[in-house]
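What follows is one structure encoded as structure tokens, with my remarks underneath.
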Amino acid sequence: MRSLQSLVFHRHHIMSILKPFPGLILLTVVVGLSYGSVLNVSYNQPGHEISPILWGIFFEEINHAGDGGLYAELIKNRALSPKRLGSNLDGYTVVKSDGVDGRIYVSRDHPLNSVLDTSLRLNVDSDVAAGQRIGVSNNGYWGIPTRPDYTTYKASFYAKSIGGFTGPLTVSIESSNGSIVYATAQVPQITEEFQKYEVTLTPTPALIQTPSLDNLFTITANGPLTANTSIFFNVMSLFPPTFKNHTNGLRIDLAQKLVDAKPSFFRFPGGNFLEGATIDERFAWEDTIGDVAQRPGHMGPWGYYSSDGLGLLEYLQLAEDLNAEIILGVFTGYALNGESVPPEEMGPYLDSILNEIEYVIGNTSTTWGARRAADGHPEPFNLTYVEIGNEDWISNDYHIRYALFYDSILARYPQLEIIATQVVDSRPIPVIDDHFYPGFGWFPDNHRYYDNAPRNGSKIFVGEYATRDNINPEPYANLAAAMDDASFMTGIERNSDIVIMACYAPLLGHLNNLAWQPDGIYFNGVQSYATPAWWVQHLFSVIRGDTYIPTTSDADEQKFFHVASRKTDTNTLVLKLVNTNSEDILIDTVTLEGVTTPRGGTKTVLTGGRWDQNDLEEPLRISPKTEEFNVTSNSFSFNAPAFSLTILEIQL
Ligand code: AHR
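Take the sequence shown: its position 308, counting from 1, is numbered 308 in UniProt numbering, and each next residue is one higher.
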């Protein structure tokens, strides 16, 4: 059971969490003169172990992070599903030669199957002469991408016809005005019954000199064709090459950025996306597995419909590819509109979560373990952490739900660690998830936030955090915000005996659909880049020690931040130094206590102008530079540039 002291600590903390985005807090930056100071590094007094899983990632379907982003599917509104609002054919248009008549609409009379019980109907309303065509196009998520490295695409769709048309159908990627056909293939024949057709599209390399988005995916019938023919489609799909070549896989450049950051854990699927705007719109994991033609998708809370092509198994596969611990968030009966399932009616929801865990870790003799095997992954995944809900301080009966989940999960899976999202005393809280989205100044002012947290209470997971720029008109992903994050991260690392995990949020943002800023990585259909904040995450994660080394300094505590650790296997001292000031800070004397002769090392610096950001034109404007750090004495001076993160790795 947690101590009262620990409960009070977290209750105070949760009141101070800044969700939603706080009002404007103006920060006056005092531009002062730089001055000399000291930094003492007590290498001879190693402290606690640095949590080996300290830095990780959190993914949720927000800002088209998945659909149109990490999930490599290029077709928008792939599955025409009854759950979709109205007769939404967003993304699709008729393609037809001059003089040809035809239209598309959602047909409820020709369902694909019992889940996707509609289809897209193309009615050919006039004769189509030889040399003419009629069909349907999809313009994807703000364009169908062509890139020199997209050397083949896998296209597939379900189709059938009535009125005598038996094919062929031409499948192409073409420019929006039709003047360039990059790649084309034929399906020779279709029938009066829905069947799945698959083709490979191989673009002509000479046609693709530079990446482009001004393109369409088209499926057309060529004349001669008589009027009153109808062709029906559903689950049109187009994949470029995917990360690790997985079927139904991920976009390579985005997945690679995640891999490159070496995250130790992967929290999913939300966030608000887990809860849904209504109970019906929660993340219902059962609807996100198996054949994509059996996934209805659902309306997400961030203003768009999720295909759920990126479903439970795809998340798990990514965790495995990242070699990351899984943090599985599970639905506790609360929706964002305030609806909640009464605790006494939670039975079916609780069963669903126990089934979900069985899907993740059950062996193939269990019902859901067998289902996972049938879906393509016989080996159980490694699961350690299950998070009960998300930000449940909005509720007043979480203590009841938490106890229900805690007891049921641990009765069946005693090896699992439970994470709570609100402080309750109905059951022990092994780990509590804290979230922070402050404006400027809060992180630097509170970098010692966890210094006095009780050491005998819950471990802490900082499951979402980011500085949200409250000075500029929009919360831009600039260097100053990244440096505020970094200041707090020094405190997280210093306290990583109790703060065992932390991850930035949100992770990804499509530049055409930013519901929430700032984000870690921005992208459009063909390009992506890390924000300064992501570089901070990347650097803290890839350069890690295993043992905390105490540091003290007389430099201004509100502007200069420091944390040190040791990589024991290579005998390396890692010093992470952050300057959130608009002037350089000179440390006259850095003293490595207990060190005789350092053998040199490297210096990695992330710096630039205060409001500098990366963008599509200059994606690496703010990016780390590493150079040799020629240190051979245990005492040296160091200049921390204005708005900088410096990581010194010193060989001892
Ligand atoms: O990260 C964006 C949102 O912020 C998450 O969905 C939610 O958990 C938090 O309030």
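For glycine and all other residues, C-beta sits at the position ideal for the given N, C-alpha and C.
Being a predicted model, the structure only gives us computed values, none of them experimental.
Return helix, strand or coil for residue i, following the three-state DSSP convention.
i      : result
Asn639 : strand
Tyr359 : helix
Ala206 : helix
Trp302 : coil
Ala227 : coil
Val292 : helix
Asn272 : helix
Thr421 : coil
Tyr406 : helix
Lys603 : strand
Gln186 : strand
Asp485 : helix
Leu383 : strand
Thr247 : coil
Ile400 : helix
Ile144 : coil
Asn634 : coil
Ile173 : strand
Gln132 : coil
Glu49  : strand
Gly32  : Low local confidence applies: a pLDDT of 40 at Gly32 is under 50, so the model's placement there is unreliable, and no value is given.
Ser352 : helix
Ile75  : coil
Glu628 : strand
Ile252 : helix
Asp615 : coil
Ile394 : helix
Glu557 : coil
Glu593 : strand
Ala477 : coil
Thr490 : helix
Ala373 : helix
Ala411 : helix
Pro444 : helix
Does the beta-carbon of residue i have 16 or more other beta-carbons within 10 angstroms, so that it is buried, or is it exposed?
i      : result
Asp260 : exposed
Asn495 : buried
Ser81  : buried
Tyr437 : buried
Glu474 : exposed
Asn363 : exposed
Ile162 : exposed
Glu356 : buried
Pro203 : buried
Thr226 : exposed
Ser179 : exposed
Lys559 : buried
Lys244 : exposed
Lys576 : buried
Asp308 : buried
Asp280 : exposed
Ser635 : exposed
Glu493 : buried
Ala72  : buried
Lys625 : exposed
Asp109 : exposed
Glu344 : exposed
Tyr304 : buried
On the DSSP bridge list, what partners appear for residue i?
i      : result
Asp433 : Phe461
Val259 : Per DSSP, none; premise fails for Val259.
His562 : Leu577
His510 : Phe523
Thr646 : Leu577 and Val605
Gly102 : Val124
Arg267 : Phe58 and Ile327
Thr200 : Lys154
Met501 : Phe461
Gln317 : Its beta-bridge partners do not exist; DSSP assigns none.
Val38  : Thr589
Asn215 : Ser175
Tyr92  : Asn138
Leu416 : Its beta-bridge partners do not exist; DSSP assigns none.
Would you say the beta carbon of residue i comes nearer than 8 Å to a heavy atom of ligand 3?
i      : result
Tyr437 : With respect to ligand 3, the structure shown offers nothing to examine, as its ligands consist of ligand 1.
Tell me, please, whether the CB atom of residue i is closer than 9 Å to any CB atom in chain B?
i      : result
Pro444 : Absence of chain B from the displayed structure is noted, only one protein chain being present.
For a minimum of 3 consecutive residues, which ranges assigned as the beta strand (DSSP E) are wholly contained in the region 528 to 553?
Runs of the beta strand (DSSP E) inside the region 528 to 553: 528 to 530, 547 to 549 and 551 to 553.
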